[in-house]
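> In terms of my numbering, the sequence shown opens at residue 593 and continues consecutively.
This is the structure I want to talk about, given as structure tokens.
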Amino acid sequence: MYPKIDLHMHTRYSDGRNTIDEMVRAAAANDLYMIAITDHLFRPFMRPEWLDKAREEIEEAMNKYGIHVLYGVEITKPLIEDLSKPIPVTKEVQLVVCEHPVPDHIRDRRRFLEYVLEGIKKISLNENIDVLAHPLNLGRSNVIHDFREIERDFLVEIARVLADSNIVVEVMSQMYWWYPHMSISSFTEHYVEFIKLCKHHGVLFTIGSDAHSVCGVGNVYWSLKVLKRAGVSPDEIWMPEEKKD
């Protein structure tokens with residue numbers, strides 16, 4: 593059985609609709625073992641003013657509802673040149689998820705994918721980052737509209753890069769949203785193949801809803817379906833306490 597976790601969600605401290613207390617309460621209602629609050633960090637080299645207050649609220653909510661809550665951030669829309677640098681704020685949090693750059697300024701598909709790969713390589717080498725958030729969320733870009741446009745050799749290269757690092761791959765339960773031009777069944781089928789490649793190369797996985805309100809907390813059915821179809825075992829689901837002291 594997969595662990596009952598949801599390690600990606602947002603609150604009013606970024607673009608979420610609900611407070612930390614409300615999100616943790618929803619997690620308790622859904623019998624989750626562990627969640628992570630991962631509000632957006634758009635400027636990774638600046639300390640957000642809400643950092644201390646959010647930590648206090650997480651501690652209060654953990655004591656109130658009796659579940660394990662990690663204090664994290666999601667590095668959002670990073671500049672590729674910044675991904676090679678130390679990120680000071682990560683020393684103050686327990687979990688760092690990071691999305692790869694999506695270069696909307698590039699229209700040539702080959703150059704577009706090369707840029708994505710370069711971003712993933714830089715993330716994989718950054719010791720401050722734990723999880724690659726919703727990888728290959730490219731279907732709403734100006735270049736990629738169908739996951740099948742991404743060649744298998746490119747997917748294999750990504751799997752190899754990630755396997756050579758300590759970066760964990762998130763299976764995010766709303767990934768299909770990023771590919772509105774594909775049927776859900778078709779997208780699911782092809783994303784499963786990507787997860788299979790990652791598994792084959794020894795990558796570990798985590799589970800996240802990317803919830804922005806209490807309604808989404810613990811809504812990870814699609815993630816579990818993908819993991820199961822890809823043959824990922826519960827032992828291949830990364831638990832943060834295995835990496836963080």
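Where a beta carbon is used, it is the ideal one built from N, C-alpha and C, also for glycine.
What's the C-alpha gap between H697 and L724?
So the two alpha carbons sit approximately 22 Å from each other.
> Whole angstroms is fine: what's the gap from W642's alpha carbon to Y605's?
Rounded to whole angstroms, W642 to Y605 spans 7 Å at the Cα level.
> Give me the Cα-Cα distance between D738 and E651, rounded to the nearest whole angstrom.
D738 and E651: Cα-Cα distance of roughly 42 Å.
> Can you check whether the CB of P636 is closer than 8 Å to the CB of I679?
In this structure, P636 lies closer than 8 Å to I679 by Cβ.
> Hey, would you say I627 sits closer than 8 Å to I659, going by beta carbons?
It is a contact, given that the beta carbons lie within the stated cut-off.
> Entirely within the region 726-796 and at least 4 residues each: give me those alpha helix (DSSP H) ranges in chain order.
The qualifying runs are 744-755, 776-792.
> Which term fits M774, buried or exposed, when burial requires 16 or more other beta carbons within 10 angstroms of its beta carbon?
M774 comes out buried.
> In this structure, what does DSSP give as the bridge partners for H600?
For H600, which the question treats as bridged, DSSP gives no partner whatsoever.
> The alpha helix (DSSP H) spanning M615 covers which residue range?
Where M615 is concerned, the enclosing alpha helix (DSSP H) stretches over 612-621.
> Measuring CB to CB, does K791 end up less than 8 Å from V824?
Contact flag set, yes.
> Between A653 and I597, is the Cβ-Cβ spacing less than 8 Å?
Not in contact: A653 and I597 (Cβ atoms no closer than 8 Å).
> In chain order, which continuous runs of the beta strand (DSSP E) of length 3 or greater are located wholly inside the region 629-669?
Counting only runs of 3 or more, we get 660-667.
> By the three-class DSSP mapping on this structure, what secondary structure does L671 have?
In the structure shown, L671 sits in coil (DSSP, three-state: anything other than H, G, I, E or B).
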